Amino acid sequence: MPEQPCEHRILVIDDEVFVRELLEEYFDKLDYEVTTVDCGDAGIEAVHASGFGVVLVDLKMPGKDGIETLCEIRRIDPLCLIVIMTGYPTIDSSIEALRAGAYDYIIKPFKLSELREVVDRAAHEYRLKVEIDRIQQNIETVEGQLRTYPTSLPRAGTQTPLRDGREGQGYIQAQLRELDQLRNAGYLSDGDYEEKKGDLLSGG
Amino acid sequence: METKKRLLIVDDELLIRDLLYDHFSSCNYAISVADNGKSALARLASEEFATVILDLKMPDMDGLELAAAIREKQEALPIIIITGYPSVESAVEALRRRYFDYFVKPFNVKKLEKAVDAAIRESPAADHHAEEGQRA
Numbered sequence: 001m002p003e004q005p006c007e008h009r010i011l012v013i014d015d016e017v018f019v020r021e022l023l024e025e026y027f028d029k030l031d032y033e034v035t036t037v038d039c040g041d042a043g044i045e046a047v048h049a050s051g052f053g054v055v056l057v058d059l060k061m062p063g064k065d066g067i068e069t070l071c072e073i074r075r076i077d078p079l080c081l082i083v084i085m086t087g088y089p090t091i092d093s094s095i096e097a098l099r100a101g102a103y104d105y106i107i108k109p110f111k112l113s114e115l116r117e118v119v120d121r122a123a124h125e126y127r128l129k130v131e132i133d134r135i136q137q138n139i140e141t142v143e144g145q146l147r148t149y150p151t152s153l154p155r156a157g158t159q160t161p162l163r164d165g166r167e168g169q170g171y172i173q174a175q176l177r178e179l180d181q182l183r184n185a186g187y188l189s190d191g192d193y194e195e196k197k198g199d200l201l202s203g204g
Numbered sequence: 001m002e003t004k005k006r007l008l009i010v011d012d013e014l015l016i017r018d019l020l021y022d023h024f025s026s027c028n029y030a031i032s033v034a035d036n037g038k039s040a041l042a043r044l045a046s047e048e049f050a051t052v053i054l055d056l057k058m059p060d061m062d063g064l065e066l067a068a069a070i071r072e073k074q075e076a077l078p079i080i081i082i083t084g085y086p087s088v089e090s091a092v093e094a095l096r097r098r099y100f101d102y103f104v105k106p107f108n109v110k111k112l113e114k115a116v117d118a119a120i121r122e123s124p125a126a127d128h129h130a131e132e133g134q135r136a
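Same order as they appear, the protein sequences are chains A and B. Going by the working numbering, the first residue of the first sequence is number 1, and it counts up by one from there. Going by the working numbering, the first residue of the second sequence is number 1, and it counts up by one from there.
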């Protein structure tokens with residue numbers, strides 16, 4: 001079977017075998033790929049080994065507790081969304097979970113349908129976070145390229161350092177189109193757009 | 001000139017408003033205070049803030065209701081909850097709505113100050129105009 005995209009991959013970390021089996025069976029039927037482990041260290045190892053969109057972690061476990069495990073996983077994969085599950089809810093642990101950046105805090109016993117809603121929402125949010133991250137990286141790449149163009153390209157309409165003038169012009173046109181797209185998508189202000197366009201057309 | 005970050009403090013208890021006003025003023029923040037949800041929303045409509053600190057239990061509008069109304073208007077504005085009546089439910093609600101922090105009264109004001117600093121540092125809306133605060 002081909003591996004699911006990360007947003008459909010769930011990691012369940014719980015020392016209770018009953019909970020692990022129940023969640024594995026339930027989410028497996030819902031087209032999620034589920035991995036289960038019985039302690040925080042094994043969960044951290046699993047995240048190191050492969051990507052998960054959503055992690056469900058029990059709060060009270062022998063060894064690393066749920067909050068420690070959450071913090072460690074977020075250091076490894078800041079995009080991954082982590083849901084704390086607990087049969088022993090307290091004000092202190094819910095505040096700790098908030099501060100540690102948990103996606104949700106679910107009290108056991110819970111209805112599977114309620115957990116499913118949380119997981120579906122988290123998976124959707126994970127996909128958006130990955131997409132935003134990708135777009136931000138693209139913007140940084142384009143901005144990096146734009147910073148170097150004015151010094152590497154001649155003025156528009158003159159000879160270019162590329163193989164021929166048409167190729168140089170084509171390159172500038174392509175960059176102008178890219179700038180248009182960035183402005184239309186709201187990533188560049190009008191002022192930044194005009195400045196970068198001016199840089200491109202003036203060659204410096 | 002160093003710019004001052006603007007802070008809105010919403011609490012129906014005068015003692016808490018005064019305590020936080022004095023502390024954060026001495027930390028070079030520009031402070032506005034409100035004693036209920038309605039006047040807090042009026043402040044937010046006319047001034048820009050870097051962070052809001054709000055009490056959960058207030059007479060006219062509770063803190064979670066006020067926080068939700070703020071979120072509708074200013075999604076990126078960090079919100080810090082303070083309460084003398086903590087509960088798992090309200091803390092989880094704060095977690096789900098991604099409020100920045102949740103403090104139980106009586107709290108250590110230095111810890112609250114650290115949370116405010118972090119909220120402003122991490123907020124995308126961190127750059128705000130500087131103005132002198134007015135005591136309400």
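Beta carbons are placed, not taken as given, at the ideal position from N, Cα and C, and that holds for glycine. It should be emphasised that the depicted structure is a prediction, and the values quoted were computed from it without experimental measurement.
Using a 10 angstroms sphere on the CB of B:Tyr85, the tally of other CB atoms stays under 16, which defines it as exposed.
Comparing C-alpha distances from A:Ser113 to each of A:Asp65, A:Lys29, A:Cys6, A:Leu201 shows the shortest one belongs to A:Lys29.
Shown here for A:Glu96: same chain residues with a beta carbon closer than 6 Å to its own, the five before and five after excluded, namely Ile67 in chain order. Between the alpha carbons of B:Glu48 and B:Arg6 lies a distance of about 7 Å. In this structure the segment 4 to 15 of chain A lies against the segment 126 to 134 of chain A, because at least three pairs of beta carbons, one per stretch, are closer than 8 Å.
When DSSP states are grouped into helix, strand and coil, B:Ser87 belongs to the coil group.
In the structure shown, A:Tyr32 adopts coil according to DSSP, grouped into three states. Across the set A:Ser94, A:Tyr103, A:Glu21, the C-alpha of A:Tyr103 shows the shortest separation from the C-alpha of A:Val54. If you ignore the 5 residues before and after B:Arg96, its C-beta comes within less than 8 Å of no other C-beta in its own chain. DSSP places A:Ser50 outside both helix and strand once states are collapsed to three, so it counts as coil. Using a Cβ distance threshold of 8 Å, A:Leu182 and A:Ile139 count as a contacting pair. Among the residues of chain B, those whose CB is under 7 Å from the CB of A:Ile95 are Ala91, Tyr102, following chain order. When DSSP reads this structure, A:Val12 sits in a beta bridge with A:Thr36, A:Leu56. Each residue's CA atom was taken as its position, placing B:Arg71 and A:Ile76 some 30 Å apart. Of B:Thr51, B:Ala50, B:Ala67, the smallest CA-CA separation from B:Met58 is found for B:Ala67.
Membership of B:Asp101 in the beta strand (DSSP E) is indicated by the continuous run 101 to 104. DSSP places B:Lys57 in the coil class of the three-state scheme, outside both helix and strand. A:Thr69 is bridged by DSSP to nothing; it lacks a bridge partner.
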